[in-house]
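Chemist:
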Amino acid sequence: TGECVIATSTTTPVNIRRTPSLDAAVVGSLDPSQRYPVIGRDSSGEWYQTARGWSAASVTRRGGNCANVPITFTQATRTPTLAPSLTPTITPIAQIAGDNEYPNVRVPFENNQPVFTSGAISYPQGDRQDTVSYTWANFDQQYYYSGYFYIVVRCYGQGVEYATFSISGGPSETCSPTAQQYNFQLWSYPSPSGSVTVALVGGDNAYVNWEVTLGFAQLEAPHGK
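When you line the sequence shown up against the working numbering, it's residues 44 to 268, in that order.
1) Can you check which of these residues, G107, S87, S86 and D66, is closest to I49 by C-alpha distance?
2) Report all residues from its chain with a CB closer than 6 Å to the CB of S87; omit the five preceding and five following residues, and keep chain order.
3) For the stretch 188–234, which segments carrying the beta strand (DSSP E) assignment without a break, of at least 3 residues, lie completely within its bounds, in sequence order?
4) Starting from L73 and walking both ways along the beta strand (DSSP E), at which residues does that stretch end?
5) Give the straight-line distance between the Cα atoms of N226 and D183, rounded to the nearest whole angstrom.
6) For the stretch 133–165, which segments carrying the beta strand (DSSP E) assignment without a break, of at least 3 residues, lie completely within its bounds, in sequence order?
7) Who are the near neighbours of S52 in its chain, counting only those whose CB is closer than 7 Å to its CB and skipping five residues on each side?
8) Please classify Q172: does DSSP put it in a helix, a strand, or coil?
9) Would DSSP call V57 helix, strand or coil?
10) Would you say the beta carbon of Y177 is closer than 7 Å to some non-hydrogen atom of the ligand ADP?
11) For L73, count the other beta carbons within 10 Å of its own beta carbon; 16 or more makes it buried, fewer makes it exposed. Which is it?
12) Let's see if you can read the secondary structure: which residues bound the beta strand (DSSP E) around L262?
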């Protein structure tokens, strides 16, 4: 019973990766002395997501109610290539993205404790749009006039020129391989919850990976607090 948590299965640290893949960049590690709340898992059941990123099930142990952890990343399915004929021809095989929605991401109200989310979209087949819906966790009013909330968006892959994103229903902007960061002062931000939607609006067999990072920086309590 209780929330699902993971811990390392040995006494050595375990890598945290940006996406559920052994080829993905390492963004940190799990401390063997700590337990970490699980916020999602991939469709294969081989990876679990915490607020900091993804860790492999093979090197972690789990406790609590893990059966109801939502799938937040669907591994892409690939169509097998055809055997070459007597006259070899190369036929590009379209990658098809699964649904990678994040319906309830909680962003810790702490300095430099970002939440990393990622997925893929494809066009014309597959999932053309993903949304990351977020809520600030444990917001403290005393920090209202200091620091800022930030969102970093990045897209890369075939057909990236057709990728767009919007923040909380705002205007669509181009999503590029160069990370784009948006900083929002707390006193001027309208709501402690919102969303980031990434979409493909065209392309020929387009398949684009996306990354959305959310967090807080430069939080400073007033003097005397």
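We put the beta carbon where it would ideally sit given N, CA and C, even for glycine. These numbers were taken from a predicted model, which means no experiment stands behind them.
Modeler: Based on what the coordinates show:
1) The candidate whose alpha carbon is nearest that of I49 is G107.
2) Taken in chain order, the residues that qualify are Q118.
3) If only uninterrupted beta strand (DSSP E) runs of at least 3 residues are considered, those enclosed by the stretch 188–234 are 191–201, 206–210 and 223–228.
4) Counting along the chain, L73 sits inside the beta strand (DSSP E) bounded by residues V69 to L73.
5) The alpha-carbon separation between N226 and D183 amounts to approximately 18 Å.
6) Within the stretch 133–165, the complete beta strand (DSSP E) runs of at least 3 residues are 145–151.
7) Answer for S52: V102, T103 and R104, listed in chain order.
8) Assignment of Q172 by DSSP, reduced to helix, strand and coil, places it in the strand class.
9) Assignment of V57 by DSSP, reduced to helix, strand and coil, places it in the strand class.
10) Within the structure as shown, the ligand ADP is missing, as the structure has no ligands at all.
11) It counts as buried.
12) Run containing L262: none; DSSP gives neither H nor E here.
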